[in-house]
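Visitor: Take a look at the following structure, please.
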Amino acid sequence: MKIEIGSEFPRRFQSAYPEEFELFSHFEVTAAIPTALFAITTWKENGRPNVCFHAWSCFHGDKTAFFAVMGNLYQHTHTYANIQREKCFCINFLPIKDYDNLVATIHCNDLETDEFAAGGFTRSDAKTIHAPAIQEAFLNLECTLLEARDLSGAGKTAMVIGKVRHISVAEEYAQGYARRYGKDGFMLLIPAPQDLVSGEPNPSAIATVHIERLD
Numbered sequence: 010m011k012i013e014i015g016s017e018f019p020r021r022f023q024s025a026y027p028e029e030f031e032l033f034s035h036f037e038v039t040a041a042i043p044t045a046l047f048a049i050t051t052w053k054e055n056g057r058p059n060v061c062f063h064a065w066s067c068f069h070g071d072k073t074a075f076f077a078v079m080g081n082l083y084q085h086t087h088t089y090a091n092i093q094r095e096k097c098f099c100i101n102f103l104p105i106k107d108y109d110n111l112v113a114t115i116h117c118n119d120l121e122t123d124e125f126a127a128g129g130f131t132r133s134d135a136k137t138i139h140a141p142a143i144q145e146a147f148l149n150l151e152c153t154l155l156e157a158r159d160l161s162g163a164g165k166t167a168m169v170i171g172k173v174r175h176i177s178v179a180e181e182y183a184q185g186y187a188r189r190y191g192k193d194g195f196m197l198l199i200p201a202p203q204d205l206v207s208g209e210p211n212p213s214a215i216a217t218v219h220i221e222r223l224d
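Going by my numbering, the letters in the sequence shown line up with residues 10 to 224, in that order.
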């Protein structure tokens, strides 16, 4: 037997915080699909560096190009405005030890704030685009804006697609699996899996990758 959840909001679903289901679809916590966590870095219009802690994304391409497809980017944010203005952004992957520092940039995000300083990060310049990069990141993806689309048409979020122009990898992460996976590598967001029977909420979880087998 499977529990069936449709597009109508389940009345038994309880929110973890007051605005949860104003911000997210109930399908988000029904599916609870993990995605990689990373920081998007851009320049604000006043020249201050901006950091956006983000997930809800995928990375893929073909022989001709490689793309970063970022979902659920809120249109009212500095990050969205910066990407629209500058036509580029940098994606920075950091290990779980930097989680609290990344969260600090969420709480210190005024227009005048240097969000690199708020998170305790070292700023470097991207090699091919006009964007700041986080020096401490083990993987940096430099992207130019290809497309931004409001999938729902509600004016709330957008899917932003970037074309990857350049990648920087820390030397100690450059060989095989040892550092990129596990506690020193990619971290994942598990978005608050709802109890589908009782409707009670759960907190989101932060995970790392454990390799089970090689294919």
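Glycine included, every Cβ here is placed at the ideal spot set by N, Cα and C.
1. Does the beta-carbon of M10 have 16 or more other beta-carbons within 10 angstroms, so that it is buried, or is it exposed?
2. Taking contact to mean at least 3 C-beta pairs separated by less than 8 Å, is the region 36 to 49 in contact with the region 191 to 209?
3. Going by the C-beta, is G56 closer than 7 Å to any heavy atom of the ligand MN?
4. Determine, using beta-carbon pairs with one atom in the region 45 to 54 and one in the region 136 to 156, whether at least three such pairs fall under 8 Å.
5. Take K192 and list the residues in its own chain whose beta-carbon comes closer than 8 Å to its own, dropping the five residues that flank it on each side.
6. Would you mind reading off the limits of the beta strand (DSSP E) that contains T166?
7. Can you tell me which of the three DSSP states F76 falls into?
8. Given R189, which residues of its chain have a CB within under 6 Å of its CB, disregarding the five upstream and five downstream residues?
9. Mind checking I138: buried by the 16 CB within 10 Å criterion, or exposed?
10. Taking P210 and S24 to be in contact with their CB atoms under 8 Å, please state how far apart those CB atoms are, rounded to whole angstroms.
11. Given a cut-off of 8 Å on the beta-carbon distance, is the pair F98 and A140 in contact?
12. Assuming F130 contacts N110 (C-beta within less than 8 Å), just tell me the rounded distance between them.
Guide: Taking the structure as given:
1. For this step, residue 10 is matched to residue 1 along the sequence shown. Flag for M10 reads exposed.
2. Pairwise C-beta distances place the region 36 to 49 in contact with the region 191 to 209, as three or more of them are shorter than 8 Å.
3. The ligand MN is absent from the structure shown, which contains no ligands of any kind.
4. yes
5. Working through the sequence shown from its first residue, we reach residue 192 at position 183. Cβ neighbours of K192 beyond the five flanking positions: P104, I105, K106, T217.
6. The residue labelled residue 166 in the question sits at position 157 within the sequence shown. From DSSP, the beta strand (DSSP E) with T166 extends over 166 to 178.
7. Working through the sequence shown from its first residue, we reach residue 76 at position 67. Three-state result, F76: strand.
8. What you label residue 189 is simply residue 180 of the sequence shown in a count that begins at 1. Y182, listed in sequence order.
9. For the purposes of this step, residue 138 is taken as the residue at position 129 of the sequence shown. I138 should be labelled buried.
10. Walking along the sequence shown from the start, residue 210 turns up at place 201. Walking along the sequence shown from the start, residue 24 turns up at place 15. The pair is a contact, with the Cβ atoms about 6 Å apart (cut-off 8 Å).
11. Here residue 98 refers to the residue found at position 89 when the sequence shown is read from its first residue. Here residue 140 refers to the residue found at position 131 when the sequence shown is read from its first residue. In contact: F98 and A140 (Cβ atoms closer than 8 Å).
12. For this step, residue 130 is matched to residue 121 along the sequence shown. For this step, residue 110 is matched to residue 101 along the sequence shown. Sure, about 7 Å apart at Cβ, within 8 Å.
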